[in-house]
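Undergrad: Note that our numbering numbers the sequence shown so that position 50 is 78, with each residue one more than the last.
Glycine is no exception: its CB is placed at the ideal position from the N, C-alpha and C atoms.
Keep in mind the model is a prediction, meaning the values are calculated, not measured.
I'd like to ask some things about the structure below.
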Amino acid sequence: MKTEAVATPPPQARILVVDDEPKNRELIRDTLEVRGYAIEEADSGTEALVCIAAAPPDVVLLDVSMPGMDGLEVCRQLKGDPVTASLPVIMVTAHADRRDRLAGIEAGADDYLTKPVDLQDLLLRVRNVVRGKRLADEVKENLRRLRELEHLRDSLTHMIIHDLRSPLTTITMGLDMIRMSAADSDRKSEEKIAEASCASAEQMSEMLISLLDVSRFEAGEMPLQKTATNLAPILRAAMESIRDLVATQRIALEESTGEATACCDGSVVRRILMNLIGNAVKFTPSGGKIQVSMATDGTFVRVGVTDTGAGIAPEFHGRIFEKFGQVKDSRARLGTGLGLTFCKLAVEAHGGDIGVESTVGFGSTFWFTLPVA
Numbered sequence: 029m030k031t032e033a034v035a036t037p038p039p040q041a042r043i044l045v046v047d048d049e050p051k052n053r054e055l056i057r058d059t060l061e062v063r064g065y066a067i068e069e070a071d072s073g074t075e076a077l078v079c080i081a082a083a084p085p086d087v088v089l090l091d092v093s094m095p096g097m098d099g100l101e102v103c104r105q106l107k108g109d110p111v112t113a114s115l116p117v118i119m120v121t122a123h124a125d126r127r128d129r130l131a132g133i134e135a136g137a138d139d140y141l142t143k144p145v146d147l148q149d150l151l152l153r154v155r156n157v158v159r160g161k162r163l164a165d166e167v168k169e170n171l172r173r174l175r176e177l178e179h180l181r182d183s184l185t186h187m188i189i190h191d192l193r194s195p196l197t198t199i200t201m202g203l204d205m206i207r208m209s210a211a212d213s214d215r216k217s218e219e220k221i222a223e224a225s226c227a228s229a230e231q232m233s234e235m236l237i238s239l240l241d242v243s244r245f246e247a248g249e250m251p252l253q254k255t256a257t258n259l260a261p262i263l264r265a266a267m268e269s270i271r272d273l274v275a276t277q278r279i280a281l282e283e284s285t286g287e288a289t290a291c292c293d294g295s296v297v298r299r300i301l302m303n304l305i306g307n308a309v310k311f312t313p314s315g316g317k318i319q320v321s322m323a324t325d326g327t328f329v330r331v332g333v334t335d336t337g338a339g340i341a342p343e344f345h346g347r348i349f350e351k352f353g354q355v356k357d358s359r360a361r362l363g364t365g366l367g368l369t370f371c372k373l374a375v376e377a378h379g380g381d382i383g384v385e386s387t388v389g390f391g392s393t394f395w396f397t398l399p400v401a
């Protein structure tokens, strides 16, 4: 194989050659420059760190044995700094035994060359690590652009939500007035239509609030008023709010709780419970059962909501907590994908954890933990 066949570098690849021997630097420079690489030189470890801090190259060819700061120490410092940790380093040494190679690997070197340097080996290794770095740089740039797009999307979402809430409030108030007027005039059909419309408007309002709160949690801007809170009254109030609904659907609602005090924001925890119990009601068939439990191990309080619904396949257990993540059961989609995301972010903001245990055909248990006060 001809050396030229492996010599084509990515465009404008910059190589920093670090060696205290001018002849060694000259040999490497002449070999790489003729193939199109831009070469910079440093004759000590200290000078190398200064050059890298000023303008990080694509690859560092680093001699191990140098007076003062040797190559191993330079490599350790580069790999220990988050700014330069991904910078490819090829160690160059006159020692070829196993111990020296292991020392270079332990210091964080990406590759290894021994003296006298085989020029074709040098070209191959430099080309490969430069290409690897360029690919990594492309991934970082794509990630940066993706984050910018996500930020733009979230900003647009906030603007739309804020603009929608005001007219939606007006619509809800108008529908409520129509409902009350129809009730006073004994216009039953109009009253039912108004009630259904009010319920839909209220559901839309809750979705908008969930979108806002999910975004606030993601940005770390959701205010939490954490205090020592007895969870039992919150849990029972959440259950009482749906007793009429479960009775209508002939679903048994059971409680298996004691007393437990957590360090939390009570209003946010109530919303978590309402989301989890509401999901359980939605996916529990008539004649089924929902059980709410609470226990503590002295460090965390664990709250669980168990249903006898269709269950969720294991491959979807993580996805259901993602934003807009939806899982289909035999009858419907599992919510809008916002309620469980809100629960996850809210629990984690409290320092707790959340998860699901489910078997298809036997139901599910959604649980979360909160730190004991």
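Does Gly383 come out as helix, strand or coil in the three-state DSSP assignment?
TA: Position 355 of the sequence shown, counting from 1, holds the residue named residue 383. Strand at Gly383.
Undergrad: Run through DSSP, which three-state label would Ala341 get?
TA: Walking along the sequence shown from the start, residue 341 turns up at place 313. The answer is coil: DSSP assigns Ala341 none of H, G, I, E or B.
Undergrad: Taking all protein chains shown into account, do 16 or more other C-beta atoms lie within 10 angstroms of the C-beta of Asp109, making it buried, or fewer, making it exposed?
TA: Mapped onto the sequence shown, residue 109 falls at position 81. Counting Cβ neighbours within 10 Å, Asp109 comes out exposed, since fewer than 16 surround it.
Undergrad: Would you tell me roughly how many angstroms separate the C-alpha atoms of Leu100 and Asn170, rounded to the nearest one?
TA: In the sequence shown, residue 100 corresponds to position 72, counting from 1. In the sequence shown, residue 170 corresponds to position 142, counting from 1. So the two alpha carbons sit approximately 33 Å from each other.
Undergrad: Are the CB atoms of Val375 and Ile300 within a distance shorter than 8 Å?
TA: As a first step, residue 300 must be located in the sequence shown, where it is residue number 272. As a first step, residue 375 must be located in the sequence shown, where it is residue number 347. Yes, Cβ-Cβ distance for Ile300 and Val375 is below 8 Å.
Undergrad: If we count the other Cβ atoms within 10 Å of its Cβ and call it buried at 16 or more, is Ile188 buried or exposed?
TA: Here residue 188 refers to the residue found at position 160 when the sequence shown is read from its first residue. By the neighbour-count rule (16 or more Cβ atoms within 10 Å), Ile188 is not buried but exposed.
Undergrad: Closest to Ala83 by CA distance: which of Met97, Leu115, Arg104 is it?
TA: Translated into the one-based positions of the sequence shown, residue 83 becomes position 55. Among Met97, Leu115, Arg104, the Cα nearest to that of Ala83 belongs to Leu115.
Undergrad: Please say whether Val157 and Asp128 have beta carbons closer to each other than 8 Å?
TA: Translated into the one-based positions of the sequence shown, residue 128 becomes position 100. Translated into the one-based positions of the sequence shown, residue 157 becomes position 129. Not closer than 8 Å, so no.
Undergrad: For a quick check, are the C-beta atoms of Leu192 and Leu236 less than 8 Å apart?
TA: Translated into the one-based positions of the sequence shown, residue 192 becomes position 164. Translated into the one-based positions of the sequence shown, residue 236 becomes position 208. Yes, Cβ-Cβ distance for Leu192 and Leu236 is below 8 Å.
Undergrad: Quick one, which of Ser321, Phe245, Ala224 has its alpha-carbon nearest Leu284's?
TA: Here residue 284 is taken as the residue at index 256 of the sequence shown, counted from 1. The displayed chain sequence assigns Ser, not Leu, to residue 284. The shortest C-alpha separation from Ser284 is found at Ser321.
Undergrad: Please list the terminal residues of the continuous alpha helix (DSSP H) segment that includes Phe370.
TA: Position 342 of the sequence shown, counted from the start, is the residue given in the question as residue 370. First-last of the alpha helix (DSSP H) with Phe370: 367-377.
Undergrad: For Met205, which option in Leu184, Pro195, Glu219 has the closest C-alpha, if you only look at C-alpha atoms?
TA: As a working mapping, residue 205 is identified with position 177 in the sequence shown. For Met205, the nearest C-alpha among the options comes from Glu219.
Undergrad: Is Ser269 helix, strand or coil by DSSP?
TA: Position 241 of the sequence shown, counted from the start, is the residue given in the question as residue 269. Three-state result, Ser269: coil.
Undergrad: Skipping 5 residues on each side, what residues in its chain have a beta carbon closer than 7 Å to that of Ala292?
TA: Locating residue 292 in the sequence shown gives position 264, where the first residue counts as 1. Reading the sequence as shown, one finds Cys at residue 292 and not Ala. Excluding positions up to five away in sequence, the list reads Lys254, Thr257, His378, Leu398.
Undergrad: On a CA-only basis, which of Ala66, Gly136, Leu203 is nearest Glu230? Give me that one, please.
TA: By one-based count along the sequence shown, residue 230 stands at place 202. Ranking Ala66, Gly136, Leu203 by Cα distance to Glu230 puts Leu203 first.
Undergrad: What's the gap between the Cα of Ile338 and the Cα of Asp381?
TA: Taking the sequence shown and counting its residues from 1, one reaches residue 338 at position 310. Taking the sequence shown and counting its residues from 1, one reaches residue 381 at position 353. A small fix is needed here, since residue 338 is Ala in this sequence, not Ile. If you take the alpha carbons of Ala338 and Asp381, they lie about 24 Å apart.
Undergrad: Need the endpoints of the alpha helix (DSSP H) that Met250 sits in, please.
TA: Taking the sequence shown and counting its residues from 1, one reaches residue 250 at position 222. Counting along the chain, Met250 falls outside any alpha helix (DSSP H), and DSSP gives it neither H nor E.
Undergrad: For Ser269 and Arg162, I'd like the C-alpha separation in whole angstroms.
TA: Mapped onto the sequence shown, residue 269 falls at position 241. Mapped onto the sequence shown, residue 162 falls at position 134. So the alpha carbons of these two residues sit roughly 58 Å apart.
Undergrad: Given Ile80, which residues of its chain have a CB within under 8 Å of its CB, disregarding the five upstream and five downstream residues?
TA: Counting from 1 along the sequence shown, the entry for residue 80 is found at position 52. Around Ile80: Leu44, Val88, Leu106, Thr112, Leu115.
Undergrad: In angstroms with no decimal places, state the Cα-to-Cα distance between Leu151 and Leu174.
TA: Sequence index remark: in the sequence shown, residue 151 carries index 123 (1-based). Sequence index remark: in the sequence shown, residue 174 carries index 146 (1-based). Between Leu151 and Leu174, the C-alpha separation is close to 34 Å.
Undergrad: Any idea if Arg155 is buried or exposed, counting beta-carbon neighbours within 10 angstroms, 16 or more meaning buried?
TA: Residue 155 sits at position 127 when you count from the first residue of the sequence shown. The residue is buried, with at least 16 neighbouring Cβ atoms inside 10 Å.
Undergrad: Ordered along the chain, which non-local residues of its own chain (more than five positions away) have a Cβ less than 8 Å from that of Thr336?
TA: On the sequence shown, residue 336 is found 308 positions in, with the first residue counted as 1. Excluding residues within five positions, the ones whose Cβ falls inside 8 Å are Thr312, Pro313, Gly316, Lys317, Ile318, Phe390, Gly391.
Undergrad: What are the residues that DSSP puts in a beta bridge with Tyr140?
TA: As a first step, residue 140 must be located in the sequence shown, where it is residue number 112. Paired residues: Met119.
Undergrad: Less than 8 Å between C-beta atoms, sequence neighbours within five positions excluded: which residues of the same chain meet that for Gly326?
TA: Residue mapping note: residue 326 aligns to position 298 of the sequence shown, counting from 1. For Gly326, where only same-chain residues beyond five positions count, the Cβ hits under 8 Å are Val400.
Undergrad: Looking only at DSSP bridge pairs, what is Thr289 linked to?
TA: In the sequence shown, counting from the first residue as 1, residue 289 sits at position 261. The partner list for Thr289 (beta bridge, DSSP) reads Asn258.
Undergrad: Check Ala66 in the structure and name its three-state DSSP category.
TA: On the sequence shown, residue 66 is found 38 positions in, with the first residue counted as 1. Here Ala66 sits in strand by DSSP.
Undergrad: With DSSP as the reference, label Lys317 as helix, strand or coil.
TA: For the purposes of this step, residue 317 is taken as the residue at position 289 of the sequence shown. DSSP places Lys317 in strand when its eight states are reduced to three.
Undergrad: If you draw a straight line from the alpha carbon of Gly383 to that of Glu249, how long is it in whole angstroms?
TA: As a position in the sequence shown, residue 383 is number 355, starting the count at 1. As a position in the sequence shown, residue 249 is number 221, starting the count at 1. Approximately 24 Å between the Cα atoms of the pair.
Undergrad: Along the chain, where does the alpha helix (DSSP H) containing Ile279 start, and where does it finish?
TA: Position 251 of the sequence shown holds residue 279. Neither: Ile279 is in no alpha helix (DSSP H) and is coded neither H nor E.
Undergrad: By how many angstroms is the C-alpha of Glu69 removed from the C-alpha of Asp47?
TA: Taking the first residue of the sequence shown as position 1, residue 47 is located at position 19. Taking the first residue of the sequence shown as position 1, residue 69 is located at position 41. The straight-line gap from Cα to Cα measures roughly 8 Å.
Undergrad: Please state whether the Cβ-Cβ distance between Ser225 and Leu196 is less than 8 Å.
TA: Numbered from its first residue, the sequence shown carries residue 225 at position 197. Numbered from its first residue, the sequence shown carries residue 196 at position 168. No, they are not a contact pair.
Undergrad: What is the DSSP secondary structure of Ala113, counted as helix, strand or coil?
TA: Stepping through the sequence shown from its first residue, residue 113 is reached at position 85. In this structure, Ala113 counts as coil in the three-state DSSP scheme.
Undergrad: Using the Cβ count rule (16 or more neighbours within 10 Å means buried), how would you classify Pro86?
TA: Here residue 86 is taken as the residue at index 58 of the sequence shown, counted from 1. It is Asp, not Pro, that sits at residue 86 in the sequence shown. Asp86 comes out buried.
Undergrad: Leaving out five residues before and five after Thr289 in sequence, what residues of the same chain have Cβ atoms less than 6 Å from its Cβ?
TA: The residue given as residue 289 occupies position 261 in the sequence shown. Cβ neighbours of Thr289 beyond the five flanking positions: Ala256, Asn258, Ala401.
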